[in-house]
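Here the structure is laid out as structure tokens; the discussion comes afterwards.
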Amino acid sequence: MRAVVYEGPNDIRAKEVAEPALQDPEDAIVRVTTASICGSDLHVLHGLMPKMETGTILGHEFTGVVHAVGPAVGRFRAGDRVVGPAAVWCGCCRPCVRGLYGACERGGVFGSGPLFGGLQGAQADYVRVPFADVTLQPTPEGMTDEQVIFAGDILPTAYSAVTGLNPRGRGVQAGDSVVVFGAGPVGLCAVACARLFDPKRVIAVDVEGYRLDMAVRLGADHVIDASGGDVRAVIKGFTEGWGADCVVEAVGLQETLNNAVAVAAPGGGVSVVGVFQQPVSVNAPRMMAKNVSLAMGMGDLGRIRELVDLIETGRLDLTPLITHRMRLDEAARAYEIFDTRADGAIKVLLTT
Ligand SMILES: [Zn+2]
Ligand SMILES: [Zn+2]
Numbered sequence: 019m020r021a022v023v024y025e026g027p028n029d030i031r032a033k034e035v036a037e038p039a040l041q042d043p044e045d046a047i048v049r050v051t052t053a054s055i056c057g058s059d060l061h062v063l064h065g066l067m068p069k070m071e072t073g074t075i076l077g078h079e080f081t082g083v084v085h086a087v088g089p090a091v092g093r094f095r096a097g098d099r100v101v102g103p104a105a106v107w108c109g110c111c112r113p114c115v116r117g118l119y120g121a122c123e124r125g126g127v128f129g130s131g132p133l134f135g136g137l138q139g140a141q142a143d144y145v146r147v148p149f150a151d152v153t154l155q156p157t158p159e160g161m162t163d164e165q166v167i168f169a170g171d172i173l174p175t176a177y178s179a180v181t182g183l184n185p186r187g188r189g190v191q192a193g194d195s196v197v198v199f200g201a202g203p204v205g206l207c208a209v210a211c212a213r214l215f216d217p218k219r220v221i222a223v224d225v226e227g228y229r230l231d232m233a234v235r236l237g238a239d240h241v242i243d244a245s246g247g248d249v250r251a252v253i254k255g256f257t258e259g260w261g262a263d264c265v266v267e268a269v270g271l272q273e274t275l276n277n278a279v280a281v282a283a284p285g286g287g288v289s290v291v292g293v294f295q296q297p298v299s300v301n302a303p304r305m306m307a308k309n310v311s312l313a314m315g316m317g318d319l320g321r322i323r324e325l326v327d328l329i330e331t332g333r334l335d336l337t338p339l340i341t342h343r344m345r346l347d348e349a350a351r352a353y354e355i356f357d358t359r360a361d362g363a364i365k366v367l368l369t370t
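Sequential numbering from 19 applies to the sequence shown in the numbering used here.
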């Protein structure tokens, strides 16, 4: 089969590899129909993923058709269309029972190397999916791959950010002012998800004009170009001097974290889903003085079904994020476009 393979830092290529086989009774083999490239794939590409092994197939965002199932799989059979999760979890270990699927003792993230379970990725013709009954979700009849593909990764991350991360974050409530730092794929999904909760206003902050335009398209009331001027003062102006009740940090930089804490209103919450490459500090005295809570963590993949339902009923539509559709063979070029944000790139799909 064809697959996008990591050959070393800044070296990926589409090539022929062996097809995966069922290994455990709970496994399914999914024939991938559409995959997409995530920001975390770029971390791998750039050699920032510790212990990454050459020969690993990349990718963790995918939809497809069930090809084969192990004897313990009961919910699916060959021919079922499914949307895959970015990571798998067993559903019954101690973290899983608490809803912390990202910390599953037997889980892993597709295509992310031995540090994350050593699973092969989904930018391929076929992928092996452990714990298929727990982790796969059916694609409802009549829905396209493009409608549901983000329900497995960036959308649950964004949805978790605006609903308060597990455990105990402060989610968006009706009448809130919401600020989203970062209008990349996750931040843009957060803008769309925030709208589900009847906020007073949603403000998106980024440095790329075309991404801010997309934020408006997905429901932002105001956008701020962070490259020019005092972001904190502008947010204060938009919020009657009060600040933001819910802030989403979807960048992963010290500066944006500082801004997120600074613009949070008294009693507000900051949800951090940006991926930091190193330890950062927070302004603890300021947070304490304002009773600002800070939550951070991985998206709750247990909500994929809920998100597919929201898409099916038309309350969420992330298809505008898809700016590029390419073939799996064109992966090297596709990664380059996504990485350099060439040609207004936001999400790049790979079809098999
Ligand atoms: Zn991802
Ligand atoms: Zn588990």
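Beta carbons: idealized from backbone N, C-alpha and C, even for Gly.
For C264, is the classification buried or exposed, using 16 other Cβ atoms within 10 angstroms of its Cβ as the cut-off for buried?
C264 sits buried, since 16 or more C-beta atoms from the chains shown fall within 10 Å of its C-beta.
I'd like the list of long-range same chain contacts for H85, defined as Cβ closer than 7 Å, with 5 residues on each side in sequence excluded.
Correct list, in chain order: I47, V48, R49, A96 and Y144.
What I want to know is whether the C-beta of A104 ends up closer than 7 Å to one or more non-hydrogen atoms of ligand 1.
yes
For D357, three-class secondary structure by DSSP
When DSSP states are grouped into helix, strand and coil, D357 belongs to the helix group.
Would you kindly work out how many angstroms separate the C-alpha atoms of C122 and G255, rounded to a whole number?
43 Å
For S13, I'd like the list of residues in its chain whose CB is within less than 7 Å of its CB, leaving aside the five on either flank, ordered along the chain.
No information on residue 13 is available, as it lies outside the stretch 19 to 370 that the chain covers here.
beta-carbon G120 near ligand 2 non-hydrogen atom, thresh 7 Å
no
Beta carbon of R188, beta carbon of G287: below 8 Å?
yes
With DSSP collapsed to three states, give me the class of R93.
In this structure, R93 counts as coil in the three-state DSSP scheme.
Quick check: what's the CA-CA separation for E348 versus D327?
Their Cα atoms are separated by approximately 32 Å.
DSSP three-state call for G189: helix, strand or coil?
Residue state, collapsed to three classes: coil.
Relative to the C-alpha of K33, which candidate in A39, L40, M19 and P43 has its C-alpha closest?
Ranking A39, L40, M19 and P43 by Cα distance to K33 puts M19 first.
Secondary structure at E79, three-state DSSP: helix, strand or coil?
Correct three-state label for E79: strand.
Below 8 Å CB to CB, which residues in the same chain sit around E226 once its five sequence neighbours on both sides are set aside?
These residues qualify, in order along the chain: A201 and R359.
Of all the alpha helix (DSSP H) runs that stay within the bounds of the region 97–126, which reach a length of 4 or more residues?
Entirely contained in the region 97–126, the alpha helix (DSSP H) runs reaching 4 residues are, in chain order, 112–115.
Quick check on the DSSP output: the alpha helix (DSSP H) that includes C211 runs from which residue to which?
P203 to A212
Can the beta-carbon of V252 be found less than 8 Å from the beta-carbon of G237?
It is not a contact, given that the beta carbons lie outside the stated cut-off.
Kindly identify the DSSP beta-bridge partner or partners of S58.
S58 pairs with nothing; no bridge assigned.
Cβ-based burial, E44 [other Cβ within 10 Å; buried from 16]
buried
Ends of the beta strand (DSSP E) at E267?
A262 to E267
From the DSSP secondary-structure annotation, give me the bridge partner or partners of S289.
V266 and A313
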